[in-house]
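K.L.:
So the sequence shown is residues 1039 to 1212, counted in my numbering.
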Amino acid sequence: MATTTAEETAAEQVHEKAEQALGFVPNLITEITDENPAVADAYLTSQALVEEGGVLSAAEQQAVILAVSSYNDCHYCTKAHAVAGQQAGLDAETVETINEGGLPSDDRLKSLVRATRRIFGKRGWLSDVDEAEFADLGLERPELYEIVALAGIKTISNYVNHIADTEVDEPFQT
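(1) Are L1007 and V1206 close, meaning C-beta to C-beta below 9 Å?
(2) Taking the alpha carbon of K1192 as the reference point, which residue from E1054, A1049, E1089 has its own alpha carbon closest?
(3) Confirm, please, whether the CB-CB distance from T1132 to D1144 is below 9 Å.
(4) Could you tell me which of S1107, H1113, G1127, K1160 sits nearest to I1136, measuring between CA atoms?
(5) Which word fits D1262, buried or exposed, when buried means at least 16 other C-beta atoms lie within 10 angstroms of its C-beta?
(6) As a quick exercise: from C1112, G1159, E1208, pick the residue whose alpha carbon is nearest that of E1138.
(7) Does the count of Cβ pairs from the stretch 1092 to 1102 and the stretch 1067 to 1075 closer than 8 Å reach three?
(8) Find out if the Cβ-Cβ distance for the pair A1096, G1127 is shorter than 9 Å.
(9) Would you mind reading off the limits of the alpha helix (DSSP H) that contains C1112?
(10) For the alpha helix (DSSP H) that contains A1126, what are its first and last residues?
(11) Give the secondary structure of N1074 by DSSP, where H, G and I count as helix, E and B as strand, and everything else as coil.
(12) Out of curiosity, what's the CA-to-CA distance linking Q1124 and A1118?
(13) Would DSSP call V1052 helix, strand or coil?
(14) For S1195 versus C1115, is the C-beta spacing smaller than 9 Å?
(15) Can you grab the Cα-Cα spacing for the pair E1057 / I1067, in whole Å?
(16) Let me know the secondary structure DSSP gives V1198 once reduced to three states.
(17) To the nearest angstrom, report how far apart A1048 and P1142 are at their CA atoms.
(18) Does the distance from the C-beta atom of I1157 to that of L1175 stay below 9 Å?
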């Protein structure tokens, strides 16, 4: 793909954004940016908006992201978010449990992971009974919508990694 100066500038801006947010430019971001800088920028921007303005804590968001990434069987994101999850406060056992398809022992995290898997499994078609069950567990629409947003964002990276077979970065190899 021949690049123009505008595309090169856009790619540089995306790499700078990743560097500021993560401390380095992950292989995933390089892969997306090399092919379509606008998609990479949309991915990073939407992720930052939800992380900064969402109703879930950083650890809760990571539990949701791990649930999505394990559901989608993404080798890259399960490793990357195992590290990010622990940095956000999840213990190693919780991360491993979610990545293996289990439910964490913490009630709140268990509810979030269960809701994530149900939303994904039903493609968002929750029944009134589902919503009532989640409401009883403290998950109202703000939390459910954040799960949907995180699932959408992570599906971008999960599927790109499937297509590109992205090499897992050294910092994520634990």
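From the three backbone atoms N, C-alpha and C, an ideal C-beta is built for every residue, glycine too.
P.N.:
Taking the geometry as given:
(1) Here the chain comprises residues numbered 1039 to 1212, so residue 1007 is not present and cannot be evaluated.
(2) Working through the sequence shown from its first residue, we reach residue 1192 at position 154. The option with the nearest alpha carbon to K1192 is E1089.
(3) Along the sequence shown, one-based indexing puts residue 1144 at 106. Along the sequence shown, one-based indexing puts residue 1132 at 94. Against a cut-off of 9 Å, the Cβ pair of T1132 and D1144 comes out as a contact.
(4) Here residue 1136 is taken as the residue at index 98 of the sequence shown, counted from 1. Cα-wise, what sits closest to I1136 is S1107.
(5) For the chain, the structure presents residues 1039 to 1212; residue 1262 sits outside this window and is missing.
(6) Within the sequence shown, the letter at position 100 stands for residue 1138. Looking at the Cα atoms, C1112 is the closest of the given residues.
(7) Segments in contact, no.
(8) Taking the sequence shown and counting its residues from 1, one reaches residue 1096 at position 58. Taking the sequence shown and counting its residues from 1, one reaches residue 1127 at position 89. For A1096 and G1127, yes; Cβs fall inside 9 Å.
(9) If you number the sequence shown from 1, residue 1112 lands on position 74. No alpha helix (DSSP H) holds C1112; DSSP gives it neither H nor E.
(10) In the sequence shown, residue 1126 corresponds to position 88, counting from 1. Neither: A1126 is in no alpha helix (DSSP H) and is coded neither H nor E.
(11) Your numbering for residue 1074 matches position 36 in the sequence shown. Three-state DSSP puts N1074 in coil, outside helix and strand.
(12) For this step, residue 1124 is matched to residue 86 along the sequence shown. For this step, residue 1118 is matched to residue 80 along the sequence shown. Spanning the two alpha carbons is a distance of roughly 10 Å.
(13) Indexing the sequence shown from 1 puts residue 1052 at position 14. In the structure shown, V1052 sits in a helix (DSSP, three-state: H, G or I).
(14) Sequence index remark: in the sequence shown, residue 1195 carries index 157 (1-based). Sequence index remark: in the sequence shown, residue 1115 carries index 77 (1-based). Yes; because the gap between Cβ atoms is below 9 Å, this pair is in contact.
(15) Working through the sequence shown from its first residue, we reach residue 1057 at position 19. Working through the sequence shown from its first residue, we reach residue 1067 at position 29. Rounded to the nearest angstrom, the two C-alpha atoms are 10 Å apart.
(16) Within the sequence shown, the letter at position 160 stands for residue 1198. In the structure shown, V1198 sits in a helix (DSSP, three-state: H, G or I).
(17) Within the sequence shown, numbered from 1, the residue matching residue 1048 stands at position 10. Within the sequence shown, numbered from 1, the residue matching residue 1142 stands at position 104. Rounded to whole angstroms, A1048 to P1142 spans 40 Å at the Cα level.
(18) For the purposes of this step, residue 1157 is taken as residue 119 along the sequence shown, with counting starting at 1. For the purposes of this step, residue 1175 is taken as residue 137 along the sequence shown, with counting starting at 1. No, Cβ-Cβ distance for I1157 and L1175 is not below 9 Å.
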